[in-house]
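Adding 611 to a residue's 1-based position in the sequence shown gives its number in this note's numbering.
In this text, a Cβ means the ideal position worked out from N, Cα and C, and glycines have one as well.
Read the structure below first, then the notes.
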Amino acid sequence: MQIWELYSEKETLALGKKLGEQAAPGSTYCLQGDLGTGKTVLAKGLALGLGVQEDIVSPTFTIVQEYSGRLPLYHFDIYRLANEDELWDIGWEEYIGSGGVCLVEWADLMPEAMPEEAVWLTIEKDLSKGIDYRKIKIESGKQHGIIRN
Ligand SMILES: Nc1ncnc2c1ncn2[C@@H]1O[C@H](COP(=O)(O)OP(=O)(O)O)[C@@H](O)[C@H]1O
Ligand SMILES: [Mg+2]
Numbered sequence: 612m613q614i615w616e617l618y619s620e621k622e623t624l625a626l627g628k629k630l631g632e633q634a635a636p637g638s639t640y641c642l643q644g645d646l647g648t649g650k651t652v653l654a655k656g657l658a659l660g661l662g663v664q665e666d667i668v669s670p671t672f673t674i675v676q677e678y679s680g681r682l683p684l685y686h687f688d689i690y691r692l693a694n695e696d697e698l699w700d701i702g703w704e705e706y707i708g709s710g711g712v713c714l715v716e717w718a719d720l721m722p723e724a725m726p727e728e729a730v731w732l733t734i735e736k737d738l739s740k741g742i743d744y745r746k747i748k749i750e751s752g753k754q755h756g757i758i759r760n
């Protein structure tokens, strides 16, 4: 497990960029954190690190946005899905098996659907350390403690 402490949006972008530069084919990044903590900012950084040229838009209404970079990036926001079946219906299995990079905002809403080997990133604020402070925990699915059927 790793803990990162970031004191500005720029620092979160830089952490995401580093993750994108190191991302392996077929990897999944599961993002957890309240609204406005910086999940989309982290996604933008990761896209930068993958060499995506387009602007990243929040996939809240489209559920998934696809980008091409060093590896394809599939950026999900599953907040508006009613249940896990809807995720499988849009082709989740193909996405995670594609060899591209999947990044999922609100992954904690459907933890059982996430691949066992996914990397979990949990973002928290701590207002006592300033409004731009974020703590990001990076851990494996196993460390994160996903309960499976
Ligand atoms: N250290 C930081 N890391 C990321 N975002 C930050 C940070 N400090 C302030 N912010 C602000 O917090 C907001 C995060 O928004 P966003 O990434 O859309 O959140 P989410 O996708 O988690 O709902 C942005 O307005 C951003 O400017
Ligand atoms: Mg978002």
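From the DSSP output, read off the bridge partner residues of residue i.
i	result
ILE749	GLN613 and LEU732
GLN676	HIS686
Which residue's Cα is closest to the Cα of residue i: the options?
i	options	result
ALA634	LEU646, ARG681, ALA625 and PRO722	ARG681
TRP731	GLU704, GLY627 and TRP699	GLY627
LYS629	GLY656, MET725 and TRP699	GLY656
MET721	ILE707, GLU665, SER669 and CYS641	CYS641
How would you write the range of the alpha helix (DSSP H) that residue i sits in, first residue to last?
i	result
LEU630	620-633
LYS650	650-660
Would you give the residue range spanned by the beta strand (DSSP E) that residue i belongs to?
i	result
VAL712	712-716
LEU642	639-643
For residue i and residue j, which I take to be in contact (beta-carbon distance under 8 Å), what is that distance rounded to the nearest angstrom?
i	j	result
GLU697	LYS650	Incorrect: roughly 20 Å between the Cβ atoms, too far for contact.
GLY752	GLU727	5 Å
LEU714	PHE672	That pair is no contact at about 17 Å.
VAL652	LEU684	So it is not a contact: roughly 15 Å between Cβ atoms.
ILE667	LEU692	In fact, because the Cβ distance is near 20 Å, the residues do not count as touching under 8 Å.
ILE747	MET612	No, ILE747 and MET612 are not in contact; Cβ-Cβ is about 11 Å, not under 8 Å.
ARG745	LEU617	5 Å
GLN643	THR733	5 Å
Quick one: grab the DSSP three-state call for residue i.
i	result
ASP700	helix
ALA693	coil
ASP743	coil
LEU738	helix
LEU720	helix
GLY756	coil
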